[in-house]
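What follows is the structure, encoded as structure tokens:
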């Protein structure tokens with residue numbers, strides 16, 4: 001073709017072999033190895049494929065191909081096979097095998113092509129309060145890396161971190177709840193700023209009815 005011109009390929013239902021003849025070939029001179037990248041038509045602004053009904057299918061820049069010169073391999077113009085993989089959703093308990101675009105479009109976290117959901121590769125992520133801000137993190141990321149408060153079974157969409165404090169439940173387990181939630185669970189609400197983390201557990205240990213040996217074992 002002339003400078004600034006291009007080539008149109010028409011996709012048909014016919015097999016290529018035995019039905020088409022070469023019309024011309026590409027040739028060029030190069031001072032070194034490289035690639036001649038296929039780009040958008042400078043006039044029409046379209047780079048892709050069109051069927052016989054002239055319906056255009058745009059091809060992403062990474063898949064447009066290139067003519068290799070000087071011993072450099074070219075790139076095939078056809079998109080490579082897209083392989084699905086594991087897609088993790090907030091909470092970590094939900095894993096689906098999807099294409100990357102599907103996963104990202106649904107708000108998921110793509111784990112890579114050809115990854116699977118069994119065993120589940122998704123870390124369990126729940127709401128993590130770091131100060132007054134909430135992030136979806138795993139327990140290790142929240143507690144050990146950020147020093148935050150990890151809220152099991154809760155999402156940031158339903159959490160106001162400023163309203164959550166330590167709540168000591170019967171049995172001395174420690175959770176983060178609002179004042180109303182803590183009272184409803186029969187717990188003791190702790191607002192002392194010195195005790196606003198469940199790690200280590202600030203809740204008093206009940207020794208009522210326990211033997212001396214049991215009491216000693218609690219503090220070893």
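Numbering (the UniProt record's numbering), first residue to last: 1 to 220. Beta carbons: idealized from backbone N, C-alpha and C, even for Gly.
Between the CA atoms of residue 37 and residue 142 - distance to the nearest angstrom:
As a position in the chain shown, residue 142 is number 142, starting the count at 1. As a position in the chain shown, residue 37 is number 37, starting the count at 1. Using only the alpha carbons, I get a separation of about 46 Å.
Within this structure, are the beta carbons of residue 98 and residue 87 separated by less than 8 Å?
Within the chain shown, numbered from 1, the residue matching residue 98 stands at position 98. Within the chain shown, numbered from 1, the residue matching residue 87 stands at position 87. Yes, the pair counts as a contact, with Cβ atoms nearer than the cut-off.
DSSP puts residue 75 in a beta bridge; with which residues?
Within the chain shown, residue 75 is the residue found at index 75, counting from 1. Residue 75 pairs with 66.
Confirm, please, whether the CB-CB distance from residue 164 to residue 187 is below 8 Å.
Stepping through the chain shown from its first residue, residue 187 is reached at position 187. Stepping through the chain shown from its first residue, residue 164 is reached at position 164. No, they are not a contact pair.
In terms of residue numbering, what span does the alpha helix (DSSP H) encompassing residue 100 cover?
In the chain shown, the residue the question calls residue 100 occupies position 100. Counted as a single uninterrupted DSSP element, the alpha helix (DSSP H) harbouring residue 100 occupies residues 100-105.
Residue 116, buried or exposed, once every other Cβ within 10 Å from all chains shown has been counted against 16
Within the chain shown, the letter at position 116 stands for residue 116. Its Cβ having fewer than 16 others within 10 Å, residue 116 is exposed.
Beta-carbon proximity list for residue 201, same chain, < 6 Å, skipping 5 on both sides:
Start at 1 with the first residue of the chain shown, and residue 201 comes out as number 201. Excluding positions up to five away in sequence, the list reads 174.
Helix, strand or coil for residue 167 per DSSP?
Numbered from 1 along the chain shown, position 167 holds the residue referred to as residue 167. Look at residue 167 here: in three-state DSSP terms it is strand.
Buried or exposed for residue 56, please, with buried defined as at least 16 other CB atoms from any protein chain shown within 10 angstroms of its CB.
In the chain shown, the residue the question calls residue 56 occupies position 56. Any reading at residue 56 needs caution, since the residue's pLDDT is 44, under 50, leaving its predicted position unreliable; the model's value is listed next. Exposed.
Burial state of residue 101, where buried means 16 or more other Cβ atoms lie within 10 Å:
Start at 1 with the first residue of the chain shown, and residue 101 comes out as number 101. Counting Cβ neighbours within 10 Å, residue 101 comes out exposed, since fewer than 16 surround it.
Inter-residue Cα distance where the pair is residue 131 and residue 147
Taking the chain shown and counting its residues from 1, one reaches residue 131 at position 131. Taking the chain shown and counting its residues from 1, one reaches residue 147 at position 147. Their backbone Cα atoms lie some 9 Å apart in a straight line.
I need the boundaries of the alpha helix (DSSP H) containing residue 118, first residue and last residue.
Numbered from its first residue, the chain shown carries residue 118 at position 118. No alpha helix (DSSP H) holds residue 118; DSSP gives it neither H nor E.
Taking the alpha-carbon positions, what's the residue 126 to residue 109 distance?
Translated into positions along the chain shown, residue 126 becomes position 126. Translated into positions along the chain shown, residue 109 becomes position 109. Taking the straight line from one Cα to the other gives about 14 Å.
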